[in-house]
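Chemist: Following the working numbering, the numbering of the sequence shown begins with 593 at its first residue and continues without gaps.
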Amino acid sequence: MHLNKEHIKLLEQGDAKTQKWVFESMFAKMCRVCQRYLLRTDEAEDCVMKGFMKAFQQIDSFTYEHEQSFIHWVKRIMVNESLMALRKQQNLSMVAISDDTVAEWDTDFINQIAAKDLLAALLKLPIGYRTVFNLFVVEGYSHQEIAALLHISESTSKSQLFKAKQRLQALLSHNQYGYGKAK
593 MHLNKEHIKL LEQGDAKTQK WVFESMFAKM CRVCQRYLLR TDEAEDCVMK GFMKAFQQID
653 SFTYEHEQSF IHWVKRIMVN ESLMALRKQQ NLSMVAISDD TVAEWDTDFI NQIAAKDLLA
713 ALLKLPIGYR TVFNLFVVEG YSHQEIAALL HISESTSKSQ LFKAKQRLQA LLSHNQYGYG
773 KAK
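1) Return helix, strand or coil for R628, following the three-state DSSP convention.
2) Would M593 and C626 be called neighbours here (beta carbons separated by less than 8 Å)?
3) Could you check if T610 is buried or exposed, using at least 16 other CB atoms within 10 Å of its CB as the buried criterion?
4) By the DSSP assignment, the alpha helix (DSSP H) with Y724 in it spans what residues?
5) K750 to A756, Cα distance in whole Å?
6) Tell me which same chain residues have a C-beta within less than 7 Å of the C-beta of V640, skipping the five on either side of it?
7) Candidates R628, Q649, G732, T655: which alpha carbon is nearest N596's?
8) Looking at the unbroken alpha helix (DSSP H) that takes in L675, where does it start and where does it end?
9) Rounded to whole angstroms, what is the Cα-Cα separation between L764 and S653?
10) How is M618 classed by DSSP in three states: helix, strand or coil?
11) What is the DSSP secondary structure of S745, reduced to helix, strand or coil?
12) With burial defined as no fewer than 16 other Cβ atoms inside 10 Å of the residue's Cβ, what is the status of T723: buried or exposed?
13) Under three-state DSSP, which class holds F654?
14) So F648 and L603 are supposed to be a Cβ contact under 8 Å. How far apart are they, rounded?
15) With 16 other CB atoms within 10 Å as the buried threshold, where does Q761 fall?
16) What separation, rounded to the nearest whole angstrom, lies between the Cα atoms of L675 and L742?
17) I'd like to know whether the C-beta atoms of L714 and F728 end up nearer to each other than 8 Å.
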């Protein structure tokens, strides 16, 4: 996809051909974004559809800097749509842990995991763990931003991340590849 300012102008004018091209070019990638939060493919696809509708409706609020800035803008919309879907399901519950222990995260461990194995393990996490993990590790949000997005405290965000990392390492250490085994 090679998106430029001319494409943005066409999107602002509501050009259906350009909308279709953008949608088809980005659908698979944005679907993967939503699937990191939602277990069911049909739910993720619904979020993608709603997200693109919102992006096309709000395109005049976007300022083009480069192609990646558009992709990041659409990705944020998809994350927000996914979070709204989780809230509607009312299963986005999180509990803070009392100690401030920070999970040790072995970067060598994470680098040796195949993306499909990591996604499979992520989808096994409880919704709160998975959501905070995705927002912090994948999307790059701070605990302060996560707390504001999810209407939780920063300590709850930190504890959910701690528990997510623990659970991921346990899940991956028990799979056939032996990821995360103690050295």
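All C-beta atoms in this analysis are idealised placements derived from N, C-alpha and C, irrespective of residue type, glycine included.
Modeler: By the coordinates alone:
1) Note: R628 maps to coil in three-state DSSP.
2) no
3) buried
4) Inspection of the sequence shows that residue 724 is occupied by Val rather than by Tyr. Here the alpha helix (DSSP H) through V724 covers 719-725.
5) 10 Å
6) F619, M622, C623, C626, M670
7) T655
8) 659-681
9) 42 Å
10) In this structure, M618 counts as helix in the three-state DSSP scheme.
11) coil
12) buried
13) If DSSP states are grouped into helix, strand and coil, F654 belongs with coil.
14) 6 Å
15) buried
16) 8 Å
17) no
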